[in-house]
Amino acid sequence: MDYLDPKSDRARHHLDMLEKELKGENGLFYRYKHQDDFGRPKSTFLVCAFWYVEALACVGRVEEAKEILERLLTYSNHLGLFSEDVTEDNGSQWGNFPQAYSHVGLMNAVYRLAIKLDKPIFH
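Residue numbers (the numbering used here): 72 to 194.
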């Protein structure tokens with residue numbers, strides 16, 4: 072879509088701001104941090120972390136994207152399923168379960184990373 076050139080300063084700045092504003096201490100991302108009807112968010116929004124992996128791959132931070140993806144996989148349950156949210160303090164799953172868009176985020180991140188690693192996953 073050519074929305075944002077991955078090699079541009081704008082792309083790097085965009086990632087810097089996401090990391091500064093929404094990244095939690097454990098490397099997961101909040102959807103937002105402001106108070107809503109339920110108070111301040113207590114859990115991270117898992118699909119945001121998968122989007123972050125995609126973004127890292129796009130800007131050429133491939134090894135970092137790979138490491139984060141491997142860490143994200145540890146937040147699944149014993150069947151490899153993901154919920155909507157993950158708590159920062161102990162990594163427990165919260166929200167809708169299983170959550171379709173968390174899994175779509177995983178598939179998109181794996182696909183984007185596979186392309187960057189020149190290891191196509193579809194033949």
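Ideal Cβ positions, reconstructed from N, Cα and C, are used throughout, including at glycine.
These numbers were taken from a predicted model, which means no experiment stands behind them.
As a quick exercise: from 126, 88, 163, 92, pick the residue whose alpha carbon is nearest that of residue 177. The residue from 126, 88, 163, 92 with its alpha-carbon nearest to that of residue 177 is 126.
Just the C-alpha distance for residue 81 and residue 130, rounded to the nearest angstrom, thanks. So the two alpha carbons sit approximately 11 angstroms from each other.
Could you please give me the residues that DSSP links to residue 19 through a beta bridge? In the structure as shown, the chain begins at 72 and stops at 194. Residue 19 is therefore absent and cannot be evaluated.
If you count every other CB in all the chains shown that lies within 10 Å of the CB of residue 87, and 16 or more means buried, which is it? By the neighbour-count rule (16 or more Cβ atoms within 10 Å), residue 87 is not buried but exposed.
DSSP on residue 107, reduced to helix/strand/coil? It is a strand residue.
So the beta strand (DSSP E) residue 114 belongs to, where does it begin and stop? Counting along the chain, the beta strand (DSSP E) containing residue 114 begins and ends at 114-116.
Roughly how many angstroms lie between the CA atoms of residue 166 and residue 155, to the nearest whole one? If you draw a straight line from the Cα of residue 166 to the Cα of residue 155, it comes to about 5 angstroms.
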